Structure formats: structure tokens, C-alpha cells
Amino acid sequence: MEQLASRRTFFQSMAAATFTIATVAGNAQASTDNDRMALEKTFAAIRAGFAMGDVASVMKYHHPQVRKALSFDKVLVGSDAVAADLSSVFKEFRIEFVKDQLESLLIERDTAIEQSLFTIEGTPLHGQAPFVITGRSMVVYVRYPKSPTGWASIREIVRPASE
Numbered sequence: 063m064e065q066l067a068s069r070r071t072f073f074q075s076m077a078a079a080t081f082t083i084a085t086v087a088g089n090a091q092a093s094t095d096n097d098r099m100a101l102e103k104t105f106a107a108i109r110a111g112f113a114m115g116d117v118a119s120v121m122k123y124h125h126p127q128v129r130k131a132l133s134f135d136k137v138l139v140g141s142d143a144v145a146a147d148l149s150s151v152f153k154e155f156r157i158e159f160v161k162d163q164l165e166s167l168l169i170e171r172d173t174a175i176e177q178s179l180f181t182i183e184g185t186p187l188h189g190q191a192p193f194v195i196t197g198r199s200m201v202v203y204v205r206y207p208k209s210p211t212g213w214a215s216i217r218e219i220v221r222p223a224s225e
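All residue numbers for the sequence shown refer to my numbering, where the first residue is 63 and numbers rise by one.
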């Protein structure tokens with residue numbers, strides 16, 4: 063009889079543990095799904111800001127301590143430097159992401175890492191010929207409550223394709 067009670071207690075404990083693990087795993091998955099949706103909104107909002115030439119819109123999704131490596135010898139440090147660079151670019155060009163293919167997205171707690179292939183079409187505002195830039199980027203996002211989606215870019219590396 064005592065052995066039967068021990069087994070019953072063991073199985074009840076196992077059932078409770080399984081339920082707890084399943085609930086935690088389900089909540090983690092739901093959180094990851096919500097984070098993925100918020101990050102996809104972040105990506106879309108940044109691309110839309112570029113298409114409109116709207117520095118303020120783009121900067122809503124950048125952390126104040128952002129660092130952007132746009133090339134081997136051009137690294138922008140801080141949101142003020144990024145905003146100034148965007149402002150000068152938008153005064154000269156209309157920029158549109160014509161391709162933005164997500165290769166991978168890793169979300170781990172308060173950090174997300176996006177790796178994408180991109181194609182950007184630039185149209186000079188003063189009559190020169192349009193151009194196309196293709197490449198790969200890796201962007202690290204962190205949770206940031208001042209961002210409309212709760213995520214902001216804090217590190218970026220842009221690698222134009224070799225010709």
C-alpha cells in the first residue's frame with residue numbers, strides 16, 4: 063500500500079513538473095513569437111523611413127549608443143552621428159530597399175541578431191544616374207523602451223558585395 067502511495071505521489075509530481083515545463087516552454091515560445099513580430103515591424107519601419115527620407119522615423123529604432131560600420135573605414139558612433147549621416151544622405155539621394163532577405167534571426171532574452179541580404183536602389187536628387195548596392199548586413203538589436211516596437215539597433219555591420 064505504501065509503495066502504491068509512493069508511486070502515485072511520484073506520478074503526480076512528474077505530471078506537475080511536465081505541466082510546469084510545458085507552460086514555461088509555451089510562454090517562452092509565445093514571447094519569442096511576439097518578439098519576432100515586433101522585430102519584423104522594426105525592420106519594416108526602418109525601411110519605410112529610408113524610403114521617405116525621414117531621419118526622425120529611422121532614428122526611433124536606434125539606441126543612443128549605436129555603432130554602425132558602414133565600410134572598413136567608416137564607423138559611425140552614437141545616434142547623433144548616425145542621424146547626421148542619414149540627413150546628409152537623404153539630402154542627396156532617395157534610398158529604397160528593393161530587396162531585404164532575412165537570412166537568420168536569433169532572439170535571446172533582450173538581444174536579437176539579424177543577418178540579411180539587401181539590395182538598395184539610390185536615386186540622386188540632382189539628376190545623376192541611379193545606382194544599386196547589394197550586400198549583407200548583421201544588426202544587433204536590444205530591448206529599448208523608447209522604441210515604438212521595444213527594439214533598437216545598437217550594433218550594425220554592413221558588407222557591400224564584392225564586384
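The C-beta atom is built at its ideal place from N, Cα and C for all residues, glycine as well. Keep in mind the model is a prediction, meaning the values are calculated, not measured.
Beta-carbon proximity check, residue i vs residue j, cutoff 8 Å
i              : j           : result
isoleucine 175 : leucine 168 : yes
tyrosine 203   : leucine 101 : yes
alanine 223    : glycine 197 : yes
serine 166     : serine 199  : no
Beta-carbon contacts of residue i that lie in its chain and below 8 Å, excluding the five residues immediately before and after
i             : result
valine 86     : Any answer about valine 86 is weak, because its pLDDT of 38 lies below 50 and its placement is not dependable; what the coordinates show is given next. Closer than 8 Å at the Cβ level, and outside the excluded window around valine 86, lies no residue.
proline 192   : Glu183, Gly184, Thr185, Pro186
glutamate 154 : Pro186, Leu187, His188
Proximal residues to residue i (C-beta, below 6 Å), its chain only, five neighbours per side dropped
i                 : result
glutamate 218     : Lys130, Val201
arginine 98       : none
phenylalanine 105 : none
serine 119        : Gly111
Whole-Å CB distance - residue i paired with residue j, under 8 Å assumed
i            : j             : result
lysine 161   : threonine 181 : 4 Å
arginine 156 : glycine 115   : 6 Å
valine 220   : leucine 138   : Rounded, the Cβ-Cβ distance is 11 Å, inconsistent with contact.
Span of the beta strand (DSSP E) around residue i
i           : result
leucine 179 : 173-186
alanine 214 : 213-222
serine 199  : 193-205
Span of the alpha helix (DSSP H) around residue i
i             : result
aspartate 162 : Element bounds for aspartate 162: not the alpha helix (DSSP H) but the beta strand (DSSP E), 155-170.
alanine 131   : Taken as a continuous stretch (DSSP letters only), alanine 131 belongs to no alpha helix (DSSP H), being part of the beta strand (DSSP E) at 124-133.
Same chain only: Cβ atoms within 7 Å of residue i, ignoring 5 sequence neighbours per side
i             : result
arginine 109  : Phe159, Asp162
histidine 124 : Ser141, Val144, Ala214, Ser215
lysine 103    : Thr211
threonine 94  : Ile169
Minimum Cβ-Cβ distance from residue i to chain B less than 8 Å
i             : result
glutamate 102 : Going by chain labels, chain B is absent from the structure shown, which holds only one protein chain.
ask   = Can we say the segment 133-149 touches the segment 181-193, given the rule of at least three CB pairs closer than 8 Å?
value = no
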